Each structure stands twice: as C-alpha cells, then as structure tokens.
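Peer 1:
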DNA sequence: TATGAATGAGACTTCATTCAT
DNA sequence: TATGAATGAAGTCTCATTCAT
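Residue numbers (the numbering used here), protein chains in the order written: chain G, 5 to 248; chain F, 5 to 248; chain U, 5 to 248; chain Z, 5 to 248.
(1) I need the boundaries of the alpha helix (DSSP H) containing residue 157(Z), first residue and last residue.
(2) Can you tell me which of the three DSSP states residue 26(F) falls into?
(3) Less than 8 Å between CB atoms is the rule here; does residue 158(Z) satisfy it with respect to chain U?
(4) Using a C-beta to C-beta distance shorter than 8 Å, which residues of chain F count as neighbours of residue 218(G)?
(5) Is there a Cβ from chain F that is less than 8 Å from the Cβ of residue 45(G)?
(6) Using the rule of at least 16 other Cβ atoms within 10 Å of the residue's Cβ for burial, across every protein chain shown, is residue 225(G) buried or exposed?
(7) Evaluate contact between the segment 180-189 of chain U and the segment 106-124 of chain U, counting only Cβ atoms and requiring at least three cross-stretch pairs below 8 Å.
(8) Tell me, please, whether the segment 153-160 of chain G touches the segment 173-180 of chain G by the rule of three or more beta-carbon pairs shorter than 8 Å.
(9) Report yes or no: do three or more beta-carbon pairs, one from the segment 87-105 of chain F and one from the segment 99-106 of chain G, lie closer than 8 Å?
(10) So with Cβ pairs under 8 Å, would you call residue 193(Z) a contact of chain U?
(11) Count Cβ pairs between the segment 83-95 of chain U and the segment 196-207 of chain U that sit closer than 8 Å; are there 3 or more?
(12) Does the beta-carbon distance from residue 130(F) to residue 45(F) come in below 8 Å?
(13) Does DSSP put residue 191(F) in a helix, a strand or coil?
(14) Which class does residue 320(U) belong to by DSSP, given the choice of helix, strand or coil?
(15) Under DSSP, the alpha helix (DSSP H) around residue 208(Z) begins and ends at which residues?
(16) Is it true that the CB of residue 36(U) sits closer than 8 Å to the CB of residue 212(Z)?
(17) Under three-state DSSP, which class holds residue 54(F)?
(18) For a contact defined as C-beta to C-beta under 8 Å, what are the partners of residue 187(F) on chain G?
(19) If you measure between the beta carbons of residue 60(F) and residue 74(F), is that distance less than 8 Å?
(20) Helix, strand or coil: how does DSSP classify residue 90(U) here?
(21) Starting from residue 109(Z), trace the alpha helix (DSSP H) in both directions and tell me its first and last residue.
(22) Counting only Cβ-Cβ distances shorter than 8 Å, please list the residues of the segment 151-181 of chain F near chain G, keeping chain order.
(23) Going by DSSP in three states, residue 81(G) sits in which element: helix, strand or coil?
(24) Looking at residue 54(F) and residue 32(F), is the spacing between their C-beta atoms short of 8 Å?
(25) Identify whether residue 196(U) lies in helix, strand or coil by the three-state DSSP scheme.
(26) Among the candidates 210(G), 194(G) and 87(G), whose CA atom is the shortest distance from the CA of residue 121(G)?
(27) Should residue 23(F) go down as buried or exposed, given a rule of 16 or more other Cβ atoms within 10 Å for buried?
(28) Using a Cβ cut-off of 9 Å, pull out every chain F residue sitting near residue 211(G), in sequence order please.
(29) Going by C-alpha distance, which of 87(Z), 219(Z), 68(Z) and 76(Z) is nearest residue 162(Z)?
(30) Tell me whether residue 220(Z) sits in a helix, a strand or coil according to DSSP, three-state version.
(31) If we cut at 8 Å on Cβ distances, does residue 118(U) have a partner in chain Z?
(32) Could you tell me whether the Cβ of residue 147(U) comes closer than 8 Å to any Cβ of chain Z?
(33) Would you kindly work out how many angstroms separate the C-alpha atoms of residue 164(Z) and residue 123(Z), rounded to a whole number?
(34) Nearest chain G C-beta to residue 208(F) closer than 8 Å, yes or no?
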C-alpha cells in the first residue's frame, strides 16, 4: 500500500553502487570494511548492526550506504575477500615435485585447517549468516561447488592413473569428503577451540581421507617437514594451534 | 544468542516454570509445542515469533509464558523430542543377528539419513538456532558428544577384535566420521534437496566410511533387503527420498 | 537478499489485525485514531509520523502496531469514518416533500460544502495522501465512483421525467459536475479559505449546475429557509462560513 | 512543503543562484532540467530524488546545487516551462474569425484537454507537489488566478453583449467552471486514463459549460473541422486520445 | 564550474517479554 | 490458568543538502 515500499522495491532493482573514485573515498570504504570485519568476528553477523559498523569506522550512519547496499552486501564482500585469502593460503606453497598423493592430500588438508584457523571467527559468522540470508547461503554454496568440482576432477584423474579405488564415485567422494574436512574444521576449531590441535587433526583427517579413497597413507615425522611453514598469523582468540 | 536475548535472559534467571497441573494446562502446553514445531519447520528459528506460535495454538500471547520461559526454551524442548525420535528411528530395527560390520554401518548411516530426511526442516532450524543462541548450541553439542562417545567405543571395540585398522585413533575417527555423515546429511538433504537420493547417498557414505576405518565393504543388492523398512513418513517438502 | 525483507513480504500478506477485545483496548485504539486525526489535520498526511501519533496518544511506539498495520491504514480508517460523517451530514435533513428539483440540488450542494467545510483539513490531507499512496488513491476513487453512480442514476431519472435536457449524457454529466462541485469545494474552502462564503458559493454552484443540465433555477431568499440548519460544527481554522 | 524541507529552506535563504555564464554551464543546467522532467514524469515529485536527477544528467550530485537551490526550485521551473507550453498549445490556432461563442469555448476546452493530455504525467506530479510544498502550491495558485481573471473578463464581456445569462456572476462562474474543466481533465486523463476519449469529453464538457452560462450549444460534425489540428505529440503513456 | 564524499535527522517497523486483570 | 494490551529498545535505510577539494 505504501509508496515507500513501492519505491524501495523499485530501487532494489537499481544499479549497484559504484566504487569510490577518490582516495578519500577508498579510505572510507576500506575503513568500513575493516570495521565490519572486526565486528562480525567479534559478534557474528546477526549481532552486528550497520550502526556499529559506521560508528567504529568513525563515519556517519548514512555514509555506510554510500558504499554498501546493506549489511548483507558488505558481509558478502568481506567473505569474498576471505575466500581469496583462503585460496592464497592453501596454495601458497606448492607441494614438492614428485610428492606422493598422500602428501598432497595432507598438505591440502593442513592448508585448509590453517586457513580456517586464521579466520575462525569469520567462518563462524558465515556459518550463521548462511542460515539467515538466502543471498549469503548462495555465496557459500557457490564456493563449495567450486571446491567440489575441482576435487571431483582430481579424484577422477587419480582413479584413471590407478591410484584410487575404482569403486569410488568421484562426485560423491568429493562431496562427502569435502563435508568431512569442512565440518571437522568447524567443529574442532570453532566449537571446540580449546582442545584443537592442528597437526594432529590434520594427520587424522588425512589418514581417514586416504583410506576412504583407497590410497596408502604413509606417514612419518620427517616427511612432514615441508608443512611447517603454514602458520602465518597468530591464531585467533580461542583457536589455538597446538603442536604446530 | 543475540546480545539482546542474552541480556534479558540474564535479567530474568528466575525459577524455571513448573509443569502444568491440570489436564487443560497440559493440553495448552502441547498445543503450543505442536504449533511451535510447525512454525519452526516452516520459517526457521529466527523468523518464527512467539506471537505466531501463540496465535497458531489459539491461545493468548501471554499464555505462552505460562508454559515456557522463552523462545529458546520451547525450541530446545522441541529439539529434545526430535532427538528422542531420531534415536527411535535409528534403532527401531536392530541389525540381524550376525550381520557383518559393514552391514551394521550401512544400516546406521541409512537410519541417520532417513531420520534426517523425516525431520529435515527442523534440523535446518536447529542448524540456524545453534548459531544464534549459546544455549541451543550447547544442546547440539551435548547430543553430538553422546553420539561420539558411543561411536568411539564401538570403533575401539572393533579395533580390539581386529576388524578395524590399528592405526586409527577411535576418538578422532568417531568425531571426524561423525562430521562426515552429519554434514553430508545437511548438505544433501537441506541444501540440495532436489537432487537427493537416499539409497545412493547411503551407499556412498558407507563405502567411504568403511574404507576409512579399514573395513571391507561388500555390497550387492541382495544384501540390502534388510534396509528397506526405513521409510516411515512421507518425505518433507523438498527432500525426496529417491530409490528408497 | 535479506531475510528481513523476505519476512516482511511474507507477513504483508498475513491477516489483518483483529479489533480490540477489551474496553481498555478499545480506548487505546480510539485514542490513537483521535490523535491521528488531529495530527493529520494539523500537518497533513506526509508530515505526520507514526511516532507523533503514538506520542500524542500517550502510548508506546509499538502499541500503534498493535492496532494498525501502518500509517496508511489508520489514515484509511479515519477517512472511512469521515465519509460516513459526510453522508450523515448530507442526508441528515431530507428535502421537504414536493421540493423542486433545483431545491434538492441546492440542498445537496450546500450539504456537500457544509460537510467539506467541517472537515476541510482532513479533506486536504486526503487530497495529499491520494497522490502519495496508491492504496489511499483507491479509497478516494471508490468513493467517487459511488457518488457518480448515484448521480448518474438521478440525472437519468430526471431525464426520463422530462425535467432534464435530453441531450445530456447522464454518465458524463454526473462525472463532470461532480468534478465541478468537489473541486470548487477544495479550491474555495482549502485553498482560498479566507474569502469563502458558503451561502454564496452554494447558490452560484447550484445555478451553474442547474443551468448545465437544463433545469430552471428559481431562487429567492425565502425559499432557502429550509437550508439553514446545516451548520453543525464551528468552522475549521481558516475555513470561515460567512453568511451561514 | 514538509516540515523538514521548510526548515532547511528557511535556514538557507541566501541569495538566489545566478544563471550560468558559460555555454558549458548552460548545457549542464539544461541537462539537469531535462533529466528532472523525465524523472518527475516517471516517478512523481516525492519519489524523485536529487541524486537521481544528477545521475541521469551525468553530473556529480553536488553540481545540482550549482544551478538550483532545491528540488522544489527545479520543479517550479519545469512547471513554469510547462505552463508556457500549455499556453502555446491552447492558443496556437486562433479561432476562425466570426466563430460562434460555443465554438470558441469548445476550442478552448479541447485545447486544454489536449495540452493536459500531452503533459499528463507532469500535471499529475504537480498535483502532488502542490500538496507537499507551499511554494509549489503558490505557483499553481498564481497560474489559476491568471486563468480566472481572463475568463472572468471574457464572461463579463459576453454578458454585456447579451450573449450570456445576466444572472451569472462572472467571477464565480469563471472560478467554478475553471474547476470543472481542470478537475475533469485530471480525473479523466490522469486517474482514468484507460477510458479517456478526448473528443467526447471535450464535447460533453462544452455542452455543460455552455448550458451553465446560458449559451446555446449548437454542434454537428462539420463544425468540428477546425479542431482537428490539436494533436501535437504522441499521447503519454496511459493517456489515450481516442477519437481525435 | 565541477566533483563526490559526508552528513545526520528521521522514517517505519518488529518483537520478546511484562503486567494488570 | 488465561488473557491481551502495553512496552520500548533496536534495527535498517533514505535523502536533501553541505563541504572540502
């Protein structure tokens, strides 16, 4: 009935906000993102308000809407950056030439746990946000799909080379083992932070992963040397990385 | 739990509400729970209001607080009932005497997926609620712990009998494989309902599970006969149980 | 994207708010309507806020929404009451038996101007609101349609009796002359309140009206005696009823 | 004019903005006006924002205030231009020498409807704006006064020549019949655009008009030939000019 | 002349919970 | 036990206008 509602509906379909042109604008926008990330990490998605974000960034309330459409949008962008970072961390040290399959898998798992650990609070916020906003759920879904596609391909390749059990369905395996790794990270790093041991979790995860697809997991301490360089940041509050 | 909610909860903290004395009271309480469950299933935790629950139960808004302390509490109770139901479904048909290990595991997995499927919407609501309220997160955690303890014990037992790879750490395996099964259920039943195939997912999950702990997974169609009795309810909206 | 928006959309289609049950509720609701009417009269539709309405009615902001869905809705209801009142005033004294056509028309016109005069500020608010909200525009349209239907019928009847020019198209005449009366009321009472003379305007309006449809307009002061009882309220600020 | 707007306007009240000096300035100003007109037509006064106007004109937001004091001011100027255009259309073809009075009236009415039709959306915006801003209401009032003065004079002249009923008060007649024509245009072209028939409305309007002031309205198809040239633009959305 | 960032008051609305009856 | 009115803090978002560059 109201025209205000009608107006909003009309403008919802309008163009996205253009990026800032001046350095000052870029600074403000960055400050808002920084402030947003801090708050989302501290209070989660739901309990962070646009007001808090603006206040902490020391700009007027309205300024927020100069740069972002909504709380969802800024969160989505922060998450996007996070995933960039995620990929960077996970790929920053390519496996040694001729590394065994199980080594590669271990490296990937440890990389995932490491990155998760470094961004635990934000991942927790995402886990929440994805249940509250369809848009953000979609972002997470899309990311997951990318991950699964890549893993499906890898498993299929290994299978062709005879390294992986031929009974395995690569698509299901990628999906199910993806769930395993991701959920283990969430549970052990976010929910049970106090008892988390990155190295051990990584090892156990990898053993189960390799067994599951029929790869022999040979492991001794020496062979792990090449994995020690992962710790890039101080672990977040409540998420210790023991034995790293 | 939102800041606001937490604050209020702290302020109240009075004695818990006594159970109803009269039959009428019991009826009212039950109506509220039924109504609550319906709404939580339809709209999730966050988007269901106490008002809606009361209205649907055809009682005055204030009456809600005669029987429940808060939205969290009624939700917690509904979830508690759900887990009772979950256990009932999962154990309703004990495995045949002398069934092989992989059969037992398959049965357990199919049971879990079946129960999940029957309660998909509520499980989704729980997934959301657990990110919003520490109290509800705790309920979920406790349930998970129980599950893991049992599985840890089972794996250890099997290991002692020499059925399971001795390199496996039962505690980690239980936790990690629990994550795998639970998360796969969530992802495939809640998030990707349209393409869910209970029988196939169950099989794939079991194969990976068995491989992971070093059990031979022998599977043919005949051996599945004992699994057919699971479907107890019509599947919930959007969660088809293909090939069941 | 946001779930809040989705939620709102979902609830927009929900049931209307039930009327109050208790006397206290009825009192509060009435207070809100009174307060709303006062403010709409004083500041118009646009410049009256729900906050002001609640404050003036001495209830909490939220209480407003216990009884009304929105500013539009309460305004719509106030306008509905106004039209009831309008009809009451216009029909409160039936024309004398055997009064001539022109007398009846004069009486109707004076009645309209009188009622308009008594509710000038609210009519002005409606004029504004109808340009701002499709819903309220529709209310006005519906009212106008009713009015025109009745007048079309009357003119057609008169035409059949040979009292009205046969070249006149009753539908157009009703519509156009309705515009004439209504707009004259708005312009002279709302926009040019200071120079408004009810009696004279009424007379002039009626003469043109009668001429337009071909009725002889015979008029002298004596014949007007039966119209003097109209003034029911003190005229509103700025809307003098001279010579009444 | 909204309270907020009025307050600000009072605060500013600085000297009016000088007209642009350079050709570039003139171009920018014109672009803003064009853009404004488009948007006001599309969304009305209230729902058009200064931001939109600037954006559409491809200038920075701040630039708007280089050329205009406020949204009201630019709208006022656009309306001023509109009235110029209105007068141009209405007088573009002077009546044939010796045309009858009713022909002249018909021509004027058709001219008004034609011009209204060509600018329907802007007239609707004005109708809205006049209820929101005292300044714009004043503009409309002034225009109306001019119109009435001319018509009063014309009617008085006709009366002196004995063409018009001597009982008519020229001032009132001009005002009231002006209301009739103007409101009929608004209602039938803006509010009921879909069923608008310019030719028929024009005829009906004229018949009532002539009757009202006591002029014989003689009308046949031939006599209408001189009115056919009015259609100057494609009719605006929703305002069909049937039978033209 | 132009830019575009920044402002901040203010609007509407929701909802868990309390309280008087 | 039941009622339903009342609360009021909190949240999201808009936009005309100013200002520093």
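Ideal Cβ positions, reconstructed from N, Cα and C, are used throughout, including at glycine.
All values reported here derive from a predicted model rather than from experimental measurement.
Peer 2: On the basis of the coordinates in this document:
(1) Residue 157(Z) -> alpha helix (DSSP H) spans 138-164.
(2) Three-state DSSP puts residue 26(F) in coil, outside helix and strand.
(3) No, because no Cβ of chain U sits closer than 8 Å to the Cβ of residue 158(Z).
(4) Listed along chain F, the residues sitting closer than 8 Å to residue 218(G) by beta-carbon distance are 215.
(5) No, no contact with chain F.
(6) Unreliable placement is indicated for residue 225(G), whose pLDDT of 42 sits below 50; no coordinate value is reported for it.
(7) Yes: the two stretches touch, three or more of their Cβ pairs being nearer than 8 Å.
(8) Judged by Cβ distances under 8 Å, the segment 153-160 of chain G makes contact with the segment 173-180 of chain G, as three or more pairs qualify.
(9) The segment 87-105 of chain F is not in contact with the segment 99-106 of chain G.
(10) Taking Cβ atoms only, chain U never reaches closer than 8 Å to residue 193(Z), which makes this a no.
(11) With a cut-off of 8 Å, the segment 196-207 of chain U and the segment 83-95 of chain U do not count as touching, because too few Cβ pairs lie within range.
(12) No, the Cβ-Cβ distance between residue 130(F) and residue 45(F) is not below 8 Å.
(13) The DSSP-derived three-state label of residue 191(F) is helix.
(14) Nothing can be reported for residue 320(U): it is not among the residues displayed for chain U, which extend from 5 to 248.
(15) 202-217 is the extent of the alpha helix (DSSP H) around residue 208(Z).
(16) In this structure, residue 212(Z) keeps its C-beta atom at 8 Å or more from the C-beta atom of residue 36(U).
(17) Note: residue 54(F) maps to helix in three-state DSSP.
(18) Scanning chain G for C-beta atoms nearer than 8 Å to the C-beta of residue 187(F) yields 183, 184, 186 and 187, reported in chain order.
(19) With a cutoff of 8 Å on beta-carbon distance, residue 60(F) and residue 74(F) are scored as not near each other.
(20) DSSP places residue 90(U) within a helical segment (H, G or I) once states are collapsed to three.
(21) 105-122 is the span of the alpha helix (DSSP H), which, as asked, contains residue 109(Z).
(22) Only 169, 171, 172, 173, 176, 177, 179, 180 and 181 from the segment 151-181 of chain F bring a Cβ to less than 8 Å from some Cβ of chain G.
(23) It is helical.
(24) No; because the gap between Cβ atoms is not below 8 Å, this pair is not in contact.
(25) In the structure shown, residue 196(U) sits in coil (DSSP, three-state: anything other than H, G, I, E or B).
(26) Of 210(G), 194(G) and 87(G), the residue nearest in Cα terms is 194(G).
(27) Label assigned to residue 23(F): exposed.
(28) Simply 169, 171, 172, 173, 176, 177 and 216.
(29) Of the candidates 87(Z), 219(Z), 68(Z) and 76(Z), the one whose C-alpha sits nearest the C-alpha of residue 162(Z) is 219(Z).
(30) Coil at residue 220(Z), not helix or strand.
(31) False, the Cβ-Cβ gap to chain Z never drops below 8 Å.
(32) Contact of residue 147(U) with chain Z is not assigned, every C-beta pair being separated by 8 Å or more.
(33) A straight line joining the alpha-carbon of residue 164(Z) with that of residue 123(Z) spans about 36 Å.
(34) With respect to chain G, the C-beta atom of residue 208(F) has a partner C-beta closer than 8 Å.
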